[in-house]
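Novice: Residue numbers (my numbering): 4 to 109. Where is the CB? At the ideal position from N, CA and C, for every residue including glycine. Since we're looking at a predicted model, the values are computed, not measured.
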Amino acid sequence: MSTYAESGSASFFGLPLASAAPANLPTGAVQWDQNKRLFTVNDDAIKALALCNLKDFFVKNKILSLDDAEKFEFYLRDKGLGAALIIAAKDEGLLLRQKRVNRENS
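(1) Do residue 52 and residue 76 have their CB atoms nearer than 9 Å?
(2) In chain order, what residues of the same chain lie with their CB nearer than 8 Å to the CB of residue 62, ignoring the 5 residues before and after it?
(3) Would you mind reading off the limits of the beta strand (DSSP E) that contains residue 36?
(4) Is DSSP giving residue 84 helix, strand or coil here?
(5) Got a sec, what are the start and stop residues for the beta strand (DSSP E) residue 41 sits in?
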C-alpha cells in the first residue's frame, strides 16, 4: 500500500487505512499529479489489479451482479490496452485534508 493511504485517499477508494511502507514499484508505474489531483497508472499488472478491485467493489456493494461486473472489467481491460489508467476523484475534497474549526472556542 502506498503512503497515500495515510493522506485520506484511502477513503476515496473504500480501502481501510493501513501502515504504509515503501513499495518496490517499477519507476513510473504509478504517478501522482499534484496539479491535476489524479493518479496515472502505466504498469499493466497494477492496472489489472486496480480493475479487479473495482470489480470486487461493485459486487460487494451490490452495484453490479458478479456477471455484469466481470463483463465490465473485461470491457475496461479491452479498451485500456496500451493506454494509461487515470484515477481521479469525483470531488477533489475527498483527496484533501480539511482543517476543522472548533466553533465553541471561537
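Specialist: Based on what the coordinates show:
(1) Taking the first residue of the sequence shown as 1, we reach residue 52 at position 49. Taking the first residue of the sequence shown as 1, we reach residue 76 at position 73. No, Cβ-Cβ distance for residue 52 and residue 76 is not below 9 Å.
(2) To locate residue 62, count along the sequence shown from 1; it is residue 59. 68, 69 and 72, listed in sequence order.
(3) Here residue 36 refers to the residue found at position 33 when the sequence shown is read from its first residue. First-last of the beta strand (DSSP E) with residue 36: 33 to 36.
(4) Taking the sequence shown and counting its residues from 1, the one referred to as residue 84 is at position 81. Here residue 84 sits in coil by DSSP.
(5) As a first step, residue 41 is located in the sequence shown; it is residue number 38 there, counting from the start. Segment 41 to 44, the beta strand (DSSP E) holding residue 41.
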